[in-house]
Amino acid sequence: MPNFQTAKQIAEKALQRIGAFPASRAQADAAELRRALQWMEMILNTQSGIQTLTSFQRAYEIPLEATIGDYLLSDYDDEAGTQHVFSAVLVDAGENVEPLELIWENQSIEENITEIGRPIRAVVTRAVHPEIKVYPVPTQIEVDAGYKIRLRVQTFHAGIDETGVADSDISLRASWYLWLIKKLSFEIGSGPVRRLPKDELNDLWSEFMVLENSLTARDGLYNSSRPPVTEPMEGC
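Structure follows, in structure tokens:
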């Protein structure tokens with residue numbers, strides 16, 4: 017098993033990487049650690065917004081309510097909140113599964129909001145507080161049948177304690193630790209904590225991008241029929 021790293025441990029390593037936490041000191045400067053943890057949370061939330069991160073994926077259920085077609089996701093998801101909805105299905109009390117067609121938000125204007133019955137389509141809004149809207153609108157018949165919406169989603173990152181005292185879990189597989197250290201080093205070394213020379217910043221950029229591209233490509237193999245074999249990098 018790998019040694020799992022917390023947010024504080026990753027932040028300390030990034031501070032060490034840019035020379036802000038030398039070995040001669042027993043602990044990192046509290047203000048610099050706070051800034052590093054703030055930037056870490058922004059990095060993780062941005063990354064989960066632009067690519068699939070398996071450790072940020074969840075499934076949860078929303079029980080249907082009679083005459084209610086709109087459901088606020090934050091009433092049902094966990095503290096991390098929902099970043100993307102990958103799929104939605106309708107499940108009855110007998111665990112029989114029926115697909116829900118996810119439509120584009122601009123298509124929802126074409127829906128007949130007075131139509132009632134078992135939902136067959138849904139739209140997830142891209143608002144700050146997203147909702148899932150189902151069509152047709154369910155009735156007591158669907159409620160009595162125990163129907164619920166089951167969602168597979170990717171979350172944001174749960175809030176990281178900026179003081180480092182809570183030593184928050186970063187919810188990343190260990191293979192992504194080095195990428196996060198280098199990415200965070202680049203960001204906080206661009207001014208928030210230190211202003212590194214341009215050449216050193218360019219090196220950090222290249223290092224984390226090589227890792228990001230390789231890890232992203234590797235993670236993509238989980239969705240293929242190929243065996244899980246790591247591909248060699250060019251030049252190796």
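Sequential numbering of the sequence shown, starting at 17, is according to the working numbering.
Ideal placement from N, C-alpha and C gives every residue a C-beta, glycine not left out.
Keep in mind it's a predicted model, so treat the numbers as computed, not measured.
Residues near residue i by beta carbon distance below 6 angstroms, same chain, minus five either side
i, result
"ARG210", "ILE34 and ALA36"
"SER201", "ALA30, ARG33, ILE34 and LEU220"
"VAL113", "VAL105 and VAL107"
"VAL169", "ARG74, THR98 and VAL101"
"LEU60", "HIS173"
Where the alpha helix (DSSP H) containing residue i begins and where it ends
i, result
"GLU77", "Per DSSP, GLU77 belongs to no alpha helix (DSSP H); it is in the beta strand (DSSP E), 73-79."
Residue i versus residue j: straight-line alpha-carbon distance, rounded
i, j, result
"ASN218", "ALA52", "19 angstroms"
"PRO243", "ILE132", "Unreliable placement is indicated for PRO243, whose pLDDT of 44 sits below 50; no coordinate value is reported for it."
"ASP94", "ILE78", "13 angstroms"
"THR155", "GLU57", "41 angstroms"
"HIS145", "SER206", "32 angstroms"
"ARG166", "ALA44", "44 angstroms"
"SER240", "ALA42", "Any answer about SER240 is weak, because its pLDDT of 47 lies below 50 and its placement is not dependable; what the coordinates show is given next. When rounded, the distance between both Cα atoms is 47 angstroms."
"LYS24", "ILE125", "46 angstroms"
"LEU227", "GLY175", "25 angstroms"
"GLU121", "SER230", "33 angstroms"
"ILE119", "PHE20", "39 angstroms"
"ASP183", "ILE136", "44 angstroms"
Distance CB(residue i)-CB(residue j) smaller than 9 angstroms
i, j, result
"ALA190", "PRO18", "yes"
"LEU80", "VAL159", "yes"
"ASP185", "THR22", "yes"
Continuous beta strand (DSSP E) stretch holding residue i: start and end
i, result
"LEU5", "Given that the chain is displayed from residue 17 to residue 252, the structure contains no residue 5 and the question cannot be resolved."
"LEU194", "Premise fails: LEU194 lies in the alpha helix (DSSP H), 193-204, not in any beta strand (DSSP E)."
"GLN99", "98-107"
Close Cβ partners of residue i (< 7 angstroms) along its chain, the five nearest in sequence each way excluded
i, result
"GLU178", "ARG50, LEU53 and GLN54"
"LYS164", "GLU77, ILE78, PRO79, LEU80 and VAL107"
Own chain partners of residue i with C-beta closer than 8 angstroms, once the 5 adjacent residues on each side are dropped
i, result
"THR232", "GLN67"
"LEU188", "LEU60, LEU69, SER71 and LEU196"
Is it true that the stretch 81-90 meets the stretch 60-71, where meeting means three or more beta-carbon pairs spaced less than 8 angstroms apart? no
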